[in-house]
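Numbering (this note's numbering), first residue to last: 7 to 96.
Where a beta carbon is used, it is the ideal one built from N, C-alpha and C, also for glycine.
Just so it is clear, the structure is predicted and the values come from calculations on it, not from any experiment.
In what follows, a single structure is set out as structure tokens and then discussed.
Structure (structure tokens):
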């Protein structure tokens with residue numbers, strides 16, 4: 007067995023964070039499949055913040071890929087995605 011299997015990929019961690027945000031949005035939008043809650047003004051604000059956060063994460067992922075592509079072309083190290091993901095708290 008390879009040791010690489012035991013180490014979680016940064017992409018897996020990124021997808022887990024996005025899925026966690028998606029689940030929270032589903033919950034706050036009171037969707038029955040998520041065991042939703044009452045939809046009031048406070049919940050709408052939370053939903054808006056979560057959706058903004060999700061958009062930022064997705065944009066960040068695109069920027070990281072572009073940054074790594076450019077760094078590869080000029081021979082620099084890739085962006086440390088693990089450090090980036092660990093700095094994000096949900």
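Neighbour-count burial assignment, residue 76, 16 or more Cβ in a 10 Å radius = Counting Cβ neighbours within 10 Å, residue 76 comes out exposed, since fewer than 16 surround it.
Quick one: what does DSSP say residue 100 is sitting in, helix, strand or coil?
-> Nothing can be reported for residue 100, as the shown portion of the chain is limited to 7 through 96.
In three-state terms, what does DSSP make of residue 30?
-> Residue 30 carries a helical assignment under DSSP once its states are collapsed to helix, strand and coil.
Where does residue 65 land, buried or exposed, given buried means 16+ other C-beta within 10 angstroms?
-> The residue is exposed, with fewer than 16 neighbouring Cβ atoms inside 10 Å.
What's the call for residue 79, buried or exposed, on a 16-neighbour Cβ count within 10 Å?
-> Result: exposed.
For residue 22, collect the residues of the same chain with a Cβ closer than 6 Å to its Cβ; drop the 5 residues on either side in sequence, then sort them by chain order.
-> Cβ contact annotation for residue 22 (same chain, cutoff 6 Å, sequence separation greater than five): none.
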